[in-house]
Each structure stands twice: as C-alpha cells, then as structure tokens.
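Asker: First the structure, which I've put down as structure tokens, then a few questions once you've had a look.
Numbering (our numbering), first residue to last: 926 to 1252.
The following block contains the structure:
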C-alpha cells in the first residue's frame, strides 16, 4: 500500500506543470467571455413607487404600504425606503376617500368603517408623490368559504419531552370557477403554571392561556388553487404548533412544604381562517414563493407579478371565512 501511494504522489508531481498549464488556459478562456459594458450604453432606470395593499370586507382596516425601488445604479439598501408624503386614494361605487399616513404602522391606514369594502365589487387605488403617479384596480371575490372538516394529531415536538399538534382542514371548492386560497390561524392552549402578579410581586398556580400561530407566513407562503380540482373537497397542507409541556410532579411552596402540581395542558380553541383570494393576490405571492431559491446559485431569476400601472407591487383582494373550533 505504501509503494502504491508513493507512486501516485510521484505521478501527480510530474503532471503538475501540465495541470497548471490547463488551468491557465481555462482561466484565459473564461476571461475572454466576460466583457465590460460602459455605463453610458446601459438603459437609465429610475426608482419606482412600490405599492402593496390587500382589501377585504372582513378586514377591520384598509392599509396601503408605499415604498420605492432602488435605481439601477443606486446605492444598495437593506431597509425599505418608506414614502410618507404620498397622496393615497381608494375609490369605488360608494365614492372616493384619501387615506392618511400612519407613523406607527409606516403605512397609509384607515378604519374599514370609513370606506366599506363589499364582495363582488371593483376598487381603484391611486398613489402619487411629487415625481410619480401609479394606479391599480382589483375585484373582491364574491363568496366566503367555510370549513367542512378538520383533523388534529399529536406528534413529537422539536425538543423532548414537548409535544406538537398537527392540523389539517378541508372545505368544499366553489364549483364552476377558478379559485385561489390561503390559510391562517392560531391555537389557544392552556396549562396550569405559576402566574406572576406584578401588584403583589408573588407567583401562584393558575390556568394560563397562550396563542400560537400556524400557517406562519414568516416561514412559508401557503397558497394554492383549485386548478384540475374544480368542485371537489380540498384539503390544506399540514401545519404544526407547539403544545405546553405535560408535567406531573411536586414543587416547594413559600412555606417550605411540598405540593403536587399537574400542568394538565389542553387545546382550548382552534381559530382558522380560509382566505378566498382573487387572482392578483394569488399570482403575486405565487411568484414570491417561487422566487425563493434557497441560495441556489444555479437558479434562474424570476419576474415578480405586478399589477401596479407605472410602478411595482400588488393591489389584491380576498374574503375570509372565519371558523372557531372549541374543545
């Protein structure tokens, strides 16, 4: 084995000049494929208004976020540039309303009671600042979709001995038309635990509730359509949420005595919303999801869907079917 290894090393050393020559040739060839184009010969692309808004009859507010894109040769910026001096107007059959800017949300925001959004109606959004003006139209879906059935299982959690709950939901697709859907919701769990009282500065045992979201958009964009599935029962993708730890044992009280404790964790309520999206909403998030290449250097760039005339972004609409499951 030693002599074979030695021979291999000697062979590689003898061939090193040849490998070096091949490397130089390849490097020179690659360099010849790269050309430098003068900036004066490239198109001049200025920044554009970027508008994002999704309206719904079930939403308590109408919110419009307005930022701007980076110019082609501008300075790279990580944080978005919020446009605070724009004139934002929404209009429909009921009239026209200018939406004021809200500093706390960094968006243009009004209560939905000031301008009612109705199913089946079309609305127009216009946004302008000192240099630019854009507009978009969107139609709110006609119908609300409600839950038909659900399934809940417990599965091992991320950390032992914790458990997680796995949920799936089903509903009947609206027949005879193309439909687009999304999901969102949360679970209310409760457990017996020590609850701190800031007034007495003491802790005592009691039942405590907490809400845990599922179908979290920060982790994954959950959207789907009924293409090739018209009129059938559709089932959502699985989603999980953590459960409180099930613990039975003892604790030492302030009097030094030992007392039993049972956390007795339970799911108190499941709140799930089925979002019936219009096509613009669906296409925008579909291209956002598909453009996430997970840092794959060989992935091709994807053009993000846009329905903002003169700018970038999306003006979409949806209805919400709200379902509550109590235990």
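Each residue gets a CB set at the ideal place from its N, CA and C atoms; glycine is no exception.
Would residue 1022 and residue 986 qualify as a contact pair, given that the criterion is a beta-carbon distance under 7 Å?
Answerer: Result no, Cβ atoms of residue 1022 and residue 986 do not sit closer than 7 Å.
Asker: Since residue 1110 contacts residue 1197 with CB under 8 Å, what's their CB separation in whole angstroms?
Answerer: Going by Cβ atoms, the distance from residue 1110 to residue 1197 rounds to 4 Å, so yes, they are a contact pair.
Asker: Using three-state DSSP, classify residue 1112 as helix, strand or coil.
Answerer: Three-state result, residue 1112: strand.
Asker: Going by the CB atoms, is the gap between residue 1232 and residue 1011 shorter than 7 Å?
Answerer: No, the Cβ-Cβ distance between residue 1011 and residue 1232 is not below 7 Å.
Asker: Along the chain, where does the beta strand (DSSP E) containing residue 1056 start, and where does it finish?
Answerer: Looking at the DSSP string, residue 1056 is not in any beta strand (DSSP E), and its letter there is neither H nor E.
Asker: Could you please give me the residues that DSSP links to residue 1091 through a beta bridge?
Answerer: DSSP output for residue 1091 lists 1078, 1165 as bridge partner(s).
Asker: Are three or more beta carbon pairs between the stretch 1185-1201 and the stretch 1108-1123 nearer than 8 Å?
Answerer: Flag = yes, the stretch 1185-1201 and the stretch 1108-1123 touch.
Asker: Inspect the beta-carbon positions of residue 974 and residue 1241 and report whether they are closer than 7 Å.
Answerer: Taking 7 Å as the Cβ cut-off, residue 974 and residue 1241 do not qualify as a contacting pair.
Asker: Would you decide whether residue 1006 is buried or exposed? Buried here means 16 or more other CB atoms lie within 10 Å of its CB.
Answerer: With fewer than 16 Cβ atoms within 10 Å of its Cβ, residue 1006 is classed as exposed.
Asker: So, at 6 Å on beta carbons, what are the nonlocal neighbours of residue 1229 in its own chain, with the 5 sequence-adjacent residues on each side left out?
Answerer: 1212.
Asker: Thinking C-beta only, is residue 1150 closer than 7 Å to residue 1093?
Answerer: No, Cβ-Cβ distance for residue 1093 and residue 1150 is not below 7 Å.
Asker: Nearest by alpha-carbon distance to residue 976: which of 1013, 984, 1107, 1080 is it?
Answerer: The shortest Cα separation from residue 976 among 1013, 984, 1107, 1080 belongs to 1013.
Asker: For the beta strand (DSSP E) containing residue 993, name the first residue and the last one.
Answerer: First-last of the beta strand (DSSP E) with residue 993: 986-993.
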